[in-house]
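Per this note's numbering, the sequence shown runs over residues 33 to 125.
The C-beta atom is built at its ideal place from N, Cα and C for all residues, glycine as well.
These numbers come from a predicted model, not from an experiment.
Encoded as structure tokens, the structure appears first; notes follow it.
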Amino acid sequence: MSIELLAAALLVVVAFVCAGSLARGRDVIALAPVPAAPASADEWRSAALHHFHEHKDLRRSVAEALATPGAVTGEARRDLMVALGAPRVDVMA
């Protein structure tokens with residue numbers, strides 16, 4: 033069997049495997065459950081408030097760590113202070 037014939041046979045096998053995979057994939061997509069209703073505005077509002085409170089708690093924790101003398105120094109201190117919005121940062125504090 034020549035190399036061209038072997039390559040053609042392998043290409044046909046790969047094409048059949050791909051076609052079978054695509055045909056089977058469409059059945060799986062058709063059977064996938066669809067959510068009954070999209071999220072309501074109250075759910076979005078609740079999630080946003082939860083995220084806001086987590087962010088506020090994180091900012092408070094970082095500020096407390098930075099207020100502790102010697103707890104955070106160097107580049108980490110500068111990065112955290114810049115993230116909190118400090119205009120100038122004393123890296124050695």
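Asked	Found
Counting along the chain, where does the alpha helix (DSSP H) carrying S78 start and finish?	A73 to A99
Pull up the CB-CB distance for R91 and L116, whole angstroms please, since I reckon it's below 8 angstroms.	7 angstroms
If you draw a straight line from the C-alpha of R110 to the C-alpha of K88, how long is it?	20 angstroms
For the alpha helix (DSSP H) that V114 lies in, which residues bound it at each end?	G106 to L116
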